[in-house]
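Residue numbers (the numbering used here): 504 to 769.
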């Protein structure tokens with residue numbers, strides 16, 4: 504059953520508590536919510552390992568489904584944010600990330616997916632890994648695009664005290680460069696994932712493949728527009744949202760329909 508209780512429920516409860524604490528509306532200078540977010544991320548990783556059967560020899564492999572993929576994507580976005588926060592001061596997104604953590608972990612607990620993920624070739628695991636990594640990179644790009652749009656809106660409304668400084672603690676141009684670095688990295692990884700899909704036995708002309716290709720074409724158009732036409736600002740971020748939505752519908756959307764609406768495992 505898709506709604507059967509997954510393993511690792513105590514770990515899920517601890518993770519949700521940590522993320523909920525990190526989402527507390529407290530002053531930005533308080534340190535404990537950030538520590539709670541880090542703890543939530545660590546516990547989230549344990550939950551992912553439990554769902555992958557790392558601690559259970561009887562489990563055949565990682566549970567596949569729309570919610571486990573969302574959960575792993577959220578964990579990857581938090582990983583990127585954690586690394587970035589140690590290199591650059593990125594403020595103002597702690598609560599949003601914590602709430603997102605609660606949502607994706609909770610969804611994966613309610614909808615744990617099915618077993619197993621069957622590899623049809625030796626290249627299939629790498630294909631899956633690259634595909635999931637691209638989800639994480641594009642998720643980070645969407646997060647930064649939202650930050651970019653928020654900063655741009657504040658500047659237009661003259662709510663910022665310094666017109667060259669972003670609302671989230673980064674100069675606007677640096678935030679824009681970071682956003683497109685994630686787009687370019689995600690596009691490169693997605694391209695590799697699609698090419699491997701052709702040779703790994705995973706390629707089928709279905710709605711998932713078509714939506715993935717449309718997402719790839721959207722990001723290709725954005726990268727080309729950025730390089731040759733200098734696209735920036737809201738025009739560019741709209742393409743990021745469109746491409747990410749197509750990729751989200753490609754797997755997460757299709758699996759949601761199959762699992763939740765049609766009650767079919769495959």
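Backbone N, C-alpha and C define an ideal beta-carbon position, used for all residues, glycine too. All figures in this text were calculated on a predicted structure; none of them were measured in a lab.
Query, Result
"Just to confirm, is the Cβ distance from residue 455 to residue 543 under 8 Å?", "In the structure as shown, the chain starts at 504 and stops at 769, and residue 455 therefore has no counterpart that could be examined."
"For the segment 729-744 against the segment 648-656, do three or more pairs of beta-carbon atoms, one drawn from each stretch, fall closer than 8 Å, so that the two count as touching?", "yes"
"Between residue 546 and residue 521, how many whole angstroms is the CB-CB distance? I'm expecting something under 8 Å.", "6 Å"
"Can you look up residue 674 in the DSSP assignment and give me helix, strand or coil?", "strand"
"Considering only their Cβ atoms, is the gap separating residue 576 from residue 638 smaller than 8 Å?", "yes"
"Taking only three categories from DSSP, how would you classify residue 512?", "helix"
"Closest to residue 444 by C-alpha separation, out of 580, 615, 587 and 589, would be which residue?", "This structure cannot settle anything about residue 444, because the visible part of the chain is limited to 504 through 769."
"Using 8 Å as the threshold, is the segment 695-703 in touch with the segment 737-753, meaning 3 or more CB pairs across them?", "no"
"Kindly indicate the opening and closing residues of the alpha helix (DSSP H) around residue 754.", "It is not in any alpha helix (DSSP H) - residue 754 carries neither H nor E in the DSSP assignment."
"Along the chain, where does the alpha helix (DSSP H) containing residue 639 start, and where does it finish?", "627-659"
"When you compare only the Cα positions, how much space is there between residue 723 and residue 690?", "7 Å"
"I'd like the list of long-range same chain contacts for residue 645, defined as Cβ closer than 8 Å, with 5 residues on each side in sequence excluded.", "743, 744 and 747"
"Check the C-beta distance from residue 762 over to residue 609 and give it rounded, since I have them as a contact under 8 Å.", "No, residue 762 and residue 609 are not in contact; Cβ-Cβ is about 16 Å, not under 8 Å."
"From this set, 586, 726 and 613, which residue's C-alpha is nearest residue 680's C-alpha?", "726"
"In the DSSP assignment, the alpha helix (DSSP H) including residue 595 goes from what residue to what residue?", "It is not in any alpha helix (DSSP H) - residue 595 carries neither H nor E in the DSSP assignment."
"So what does DSSP say about residue 529, is it helix, strand or coil?", "coil"
"According to DSSP, is residue 733 part of a helix, a strand, or is it coil?", "coil"
"Measuring CB to CB, does residue 649 end up less than 8 Å from residue 702?", "no"
"Where does the unbroken alpha helix (DSSP H) through residue 535 begin, and where does it stop?", "535-554"
"Using the Cβ count rule (16 or more neighbours within 10 Å means buried), how would you classify residue 589?", "exposed"
"For residue 682, does the count of other Cβ atoms within 10 angstroms reach 16, so buried, or fall short, so exposed?", "buried"
"Between the Cα of residue 678 and those of 740, 636, 606 and 731, spot the shortest distance and give me the residue it belongs to.", "740"
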